[in-house]
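Just so we're aligned, residue 17 is where the sequence shown starts under my numbering, counting upward by one. Even glycine gets a Cβ: it sits at the ideal position worked out from N, Cα and C. Quick caveat: nothing in here was measured; it's all calculated off a predicted structure.
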Amino acid sequence: MVPTLLPLIGLAPWTGWITYEEFDLIVLTLAFVGYGRWLLSWGSYNSGTNAYREFSAVLFWIALALFAGSTLLAMARGFTDAGGFTFGWFQGYHEPMNSVRLAKSVFLAMLLLPLWRHSHRLAPGPSGRAISLGMTLGLAGASLSSVWERLAFTDLLNFSSNYRTTGLFWEMHVGGAALDGFFALTMPFAIQGLLQARTPYRWAAAATATALGTYACLTTFSRGVYLAIPIGLAVLFLLRTLQSRRTGGNAQVSPDANTTRRSQLTSLLPVVAFGVGAAWMFTTSGYRGAGALFGAAAILMPLADALRATTTKVWIPGCVAGVLISAALALLAWAIPKGAYAGYVLALIFVAFTLVARQRGQISESMGSPMALAGFVGTLTMVVSVADYWGGTKAVWPAVAASASCLAVLGVACAMGRPLWSNSFRRQGGLVSAMGVTFAVIAVFSGGEYMGSRFATGGNDLGGRLSHWKLGTDMLQTPADWWLGKGIGRFPANYFLVGDPQRHPGDYRLKHDGDNNFLRLAGGLHSNGWGEVFRVTQRVDAPGGSPTLRARVRTAMDITVSFEVCEKHLLYNQACLIKAVNFKAEPDQWQSIDYKLDGHSVTRGPWYAPKLIAFSVGMATKGGEADLDQISLVGEDGRELLANGDFSKEMAHWFFSSDMHHLPWHIKSIFIHVLFDQGILGLTLLGLLVAGAFVRLTIGQGRDHTMAPSIAASLAGFVIVGLFDSLLDVPRVAALFYLILLIGLTLPTRHHGSGPGRAGQST
Numbered sequence: 017m018v019p020t021l022l023p024l025i026g027l028a029p030w031t032g033w034i035t036y037e038e039f040d041l042i043v044l045t046l047a048f049v050g051y052g053r054w055l056l057s058w059g060s061y062n063s064g065t066n067a068y069r070e071f072s073a074v075l076f077w078i079a080l081a082l083f084a085g086s087t088l089l090a091m092a093r094g095f096t097d098a099g100g101f102t103f104g105w106f107q108g109y110h111e112p113m114n115s116v117r118l119a120k121s122v123f124l125a126m127l128l129l130p131l132w133r134h135s136h137r138l139a140p141g142p143s144g145r146a147i148s149l150g151m152t153l154g155l156a157g158a159s160l161s162s163v164w165e166r167l168a169f170t171d172l173l174n175f176s177s178n179y180r181t182t183g184l185f186w187e188m189h190v191g192g193a194a195l196d197g198f199f200a201l202t203m204p205f206a207i208q209g210l211l212q213a214r215t216p217y218r219w220a221a222a223a224t225a226t227a228l229g230t231y232a233c234l235t236t237f238s239r240g241v242y243l244a245i246p247i248g249l250a251v252l253f254l255l256r257t258l259q260s261r262r263t264g265g266n267a268q269v270s271p272d273a274n275t276t277r278r279s280q281l282t283s284l285l286p287v288v289a290f291g292v293g294a295a296w297m298f299t300t301s302g303y304r305g306a307g308a309l310f311g312a313a314a315i316l317m318p319l320a321d322a323l324r325a326t327t328t329k330v331w332i333p334g335c336v337a338g339v340l341i342s343a344a345l346a347l348l349a350w351a352i353p354k355g356a357y358a359g360y361v362l363a364l365i366f367v368a369f370t371l372v373a374r375q376r377g378q379i380s381e382s383m384g385s386p387m388a389l390a391g392f393v394g395t396l397t398m399v400v401s402v403a404d405y406w407g408g409t410k411a412v413w414p415a416v417a418a419s420a421s422c423l424a425v426l427g428v429a430c431a432m433g434r435p436l437w438s439n440s441f442r443r444q445g446g447l448v449s450a451m452g453v454t455f456a457v458i459a460v461f462s463g464g465e466y467m468g469s470r471f472a473t474g475g476n477d478l479g480g481r482l483s484h485w486k487l488g489t490d491m492l493q494t495p496a497d498w499w500l501g502k503g504i505g506r507f508p509a510n511y512f513l514v515g516d517p518q519r520h521p522g523d524y525r526l527k528h529d530g531d532n533n534f535l536r537l538a539g540g541l542h543s544n545g546w547g548e549v550f551r552v553t554q555r556v557d558a559p560g561g562s563p564t565l566r567a568r569v570r571t572a573m574d575i576t577v578s579f580e581v582c583e584k585h586l587l588y589n590q591a592c593l594i595k596a597v598n599f600k601a602e603p604d605q606w607q608s609i610d611y612k613l614d615g616h617s618v619t620r621g622p623w624y625a626p627k628l629i630a631f632s633v634g635m636a637t638k639g640g641e642a643d644l645d646q647i648s649l650v651g652e653d654g655r656e657l658l659a660n661g662d663f664s665k666e667m668a669h670w671f672f673s674s675d676m677h678h679l680p681w682h683i684k685s686i687f688i689h690v691l692f693d694q695g696i697l698g699l700t701l702l703g704l705l706v707a708g709a710f711v712r713l714t715i716g717q718g719r720d721h722t723m724a725p726s727i728a729a730s731l732a733g734f735v736i737v738g739l740f741d742s743l744l745d746v747p748r749v750a751a752l753f754y755l756i757l758l759i760g761l762t763l764p765t766r767h768h769g770s771g772p773g774r775a776g777q778s779t
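Laid out in structure tokens, this is it:
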């Protein structure tokens, strides 16, 4: 439940809650029920030899206790740095409750760890499968939210826009890499599930999650993700291979065992060949042509198995019938609009249907084999037709060459006495998945200029990171700062006070005048472009036209305040209704305003991908400051669209964002982040925990547990992303990281009697 719900339940943009959130409530509820059930059944379970009693466990508990103590000390130092502790439900990132917000992730993970260990002792297999399933479902949920976001605010195949996906991770309202870190944590578990699936249905479910995750990872346009996922998967495959050799995973082999190693090498050829052909076709016929080639390449592998060792009695009639089918499909493509697509789909379905019917005995082999071959020839003809329809004459020759190559590969595969690649469903499905990933990568890098520009500026960005890290460490001025840290969660406030004065961000505070609450909004000292403006926002319904804005404003300087209603998820505005209002300095007077907001019509968009709408207040004057109260937004139908516009419920329902000015909010590295927050002591302890987990999972006592490869790969990917981005300032993602880390550190030794497909047990 924890990893499944984690990417879906962040409701801060609606509630205004950031210190405490829905994820905390779920973890606390699970802990209450879990510990309650454990206590009620106390004595009915005998852990016996399943207890985890190794000497390394003592070292682990000592290190964990010290790290927890370091976190508490850093939280206390954070209170001191903030001027003392004051409780508040709606405090921001500069106030003392931010220390509580970031520190809680360690303790939430520690709260869940004993429950997982207890359940694992009772049922090793189900508990391991449950957390793996949860991580896979979490990946699917985060990916589906990313698909919705791109459907609603940009386009699924638009890779030129600088729109970067955030999913439902509201923590990215000031930038950061919450989504990136979550993908790095969960993707290895989905791949592990794909590799371990024993039925077509489970494989299809894991493949769907993996496919969605691949698309979502690519549309983050994050260089960290592009580096972390391959490294994590390399760790996964390496550890699985070594584990299989140690545990005798190759003891039961298939009849074609002698060709297994050769098949693993030759199986790469279709993927490489498809990548070359798709990249060539993409330049002339785009997604349509390359996608048509992908379908033909996918059906090629089961077709080769069906036609292996066939003679000219199959090939001659099959090719002749294929020519006739091609002629009929070409006529269809000419006769009706978009007939090329219809003909391609019909041919592909015909091949798939024939192969299934042949396998089930519904069609004889002597008839089914030529029919399948004929359909495949028609499919290749339609690949050329699709390319011609979309790209014109220039697209024909690349498509002809790619189609001819597919037919040649089929001929070679069928002529061989032994298979060029494994004929198992899982392995062929894995190859098709690899082709799909290859297609997606080609689409991202060839279908738009944005990703290319990201890599082109990598050197400059690294220089900026180094300067930013130096600025952060320069804030550690005393020996206590260096050894114990400045205080957990105190980087934004310290940057605001003593960081680069040309880049100080905007800020807000809830202020009180007697019994009256009001909002104080300050503009940043940086360049105040549209995306750099600091905004206080609230989710609203569609206004149904031009809404009426009313508010009271007080200011001691001449300023301009922007009021906006925009189609907006988190960081990027689209269609907006706007009014920029100029105010003269009247320090002791509230100025009332009543305006219509004008601009582009704001709508929810299509039903299948509804857009979100946000009302925002932004200080457009550099360094400006104003008090705001009694804010009202009335729609065309007379409905009040804002909640808590008088701030009587403090900051409930209000949120804030800095769309494109992110460095002041994050130190942009896990390790520099921990150094700043908890000093050398905290960084050393965290390093020992991470290193201990990798040792245990790779060469230590837990290396033969079936979860070890996926946990090690998950941690490796997370650390890679964290080299260049802050991840531990996202509490729910940090809590999942700490939980996986602690599970890895306490993962028991696999029981010697369990096979490679069983979950490990402790000894």
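Residue from the options with nearest C-alpha to residue i
i      : options                        : result
THR714 : ALA729, ILE207, ASN174         : ALA729
GLY311 : VAL367, ALA751, PHE175         : VAL367
LEU396 : MET126, ALA429, ILE341         : ILE341
GLY209 : SER648, PRO680, LEU249         : LEU249
PHE550 : GLU602, GLY539, VAL577         : GLY539
ASP662 : ILE647, SER674, GLY654, PHE672 : ILE647
GLY240 : ALA349, ALA194, LEU255         : ALA194
ARG525 : LEU487, ARG566, ALA642, LYS600 : ALA642
VAL43  : ILE34, PRO19, TRP30            : PRO19
ALA668 : PRO29, SER562, LEU41           : PRO29
HIS189 : ALA724, MET676, LEU513         : MET676
LEU149 : HIS542, ALA223, PHE101         : ALA223
Alpha-carbon spacing of residue i relative to residue j, whole angstroms
i      : j      : result
SER385 : THR235 : 41 Å
ALA509 : HIS110 : 5 Å
VAL650 : ALA636 : 23 Å
PHE753 : TRP670 : 29 Å
ARG246 : SER462 : It is worth fixing the name first, because residue 246 is Pro in this sequence and not Arg. Cα-Cα distance, rounded: 20 Å.
MET398 : ALA346 : 7 Å
THR45  : GLN107 : 24 Å
ARG568 : ASP645 : 5 Å
LEU309 : PHE175 : 21 Å
ALA232 : PHE185 : 13 Å
MET432 : TRP219 : 28 Å
Helix, strand or coil at residue i according to DSSP, with G and I counted as helix
i      : result
ILE247 : helix
ALA225 : helix
ALA591 : strand
LEU649 : strand
LYS502 : coil
PRO112 : coil
LEU761 : helix
GLU656 : strand
ARG239 : helix
PHE753 : helix
SER385 : helix
LYS665 : coil
GLU37  : coil
LEU526 : strand
THR576 : strand
Beta-carbon proximity of residue i to residue j, cut-off 7 Å
i      : j      : result
GLY615 : LEU593 : yes
ALA630 : ARG555 : yes
LEU743 : GLY197 : yes
MET113 : THR35  : yes
GLY505 : LEU118 : yes
ILE736 : ILE756 : no
TYR179 : TYR624 : no
VAL94  : SER121 : The sequence given here has Gly at residue 94, not Val. Contact flag unset, no.
ask   = Would you say the segment 283 to 298 touches the segment 407 to 416, given that touching needs at least three Cβ pairs under 8 Å?
value = yes
### Task
Count the CB pairs spanning the segment 158 to 165 and the segment 215 to 235 that are closer than 8 Å, and state whether there are at least three.
yes
| task | Spell out a yes or no on whether the segment 734 to 751 and the segment 684 to 693 are touching, meaning 3 or more CB-CB pairs, one atom from each, closer than 8 Å. | result | yes
Note to self: Three or more C-beta pairs under 8 Å: does that hold for the segment 509 to 521 against the segment 481 to 493?
What the structure shows: Taking a contact to require three or more Cβ pairs closer than 8 Å, the segment 509 to 521 and the segment 481 to 493 qualify as touching.
Mind the definition here: the segment 373 to 392 touches the segment 321 to 339 only if three or more C-beta pairs lie below 8 Å; say whether that holds. yes
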